[in-house]
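In my numbering, the protein residues as written are 1164 to 1289.
Think of the CB as a built atom: it goes at the ideal place given N, C-alpha and C, for glycine as much as any other residue.
Quick caveat: nothing in here was measured; it's all calculated off a predicted structure.
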């Protein structure tokens, strides 16, 4: 299901920051949720207790060939702040329902940021 074409003529929506998502100079903000991790877009298999997250398709990007060679799959991390604390996660997957700035966490990562009963929490990350 990954496109073989690396060019995308779709315009970037006006409300999306064009800042490099890997830059620590920019702080992203959005909603944090959690999911049951398993095989992911980077070709790895994570466990519920692992500190991993999924990012929006827009921010994950499109690539040609092996998805594991995409920039987010090269051990890129996000330093996240939530209502209950902070956590550093590895980005390993695509969150189809996430908007720019949102992250979907493993249970282990989410539990460091908020209470699961809340479901959706405010987050900031870089």
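Rounded separation between residue 1260 and residue 1218 - CA only: Just so you know, the alpha carbons of residue 1260 and residue 1218 end up roughly 9 Å apart.
CA-to-CA distance, residue 1238 to residue 1197, given in whole angstroms: 20 Å
Three-state secondary structure assigned by DSSP to residue 1205: coil
Residues that residue 1288 bridges to, as DSSP identifies them: 1191, 1243
Local conformation of residue 1199 per DSSP, three classes: coil
Per-residue burial, residue 1273 [other beta carbons within 10 Å of its own, 16 or more giving buried]: buried
Reduced DSSP category for residue 1281 - H, G, I as helix; E, B as strand; rest coil: helix
Coil, strand or helix - residue 1248 by DSSP: strand
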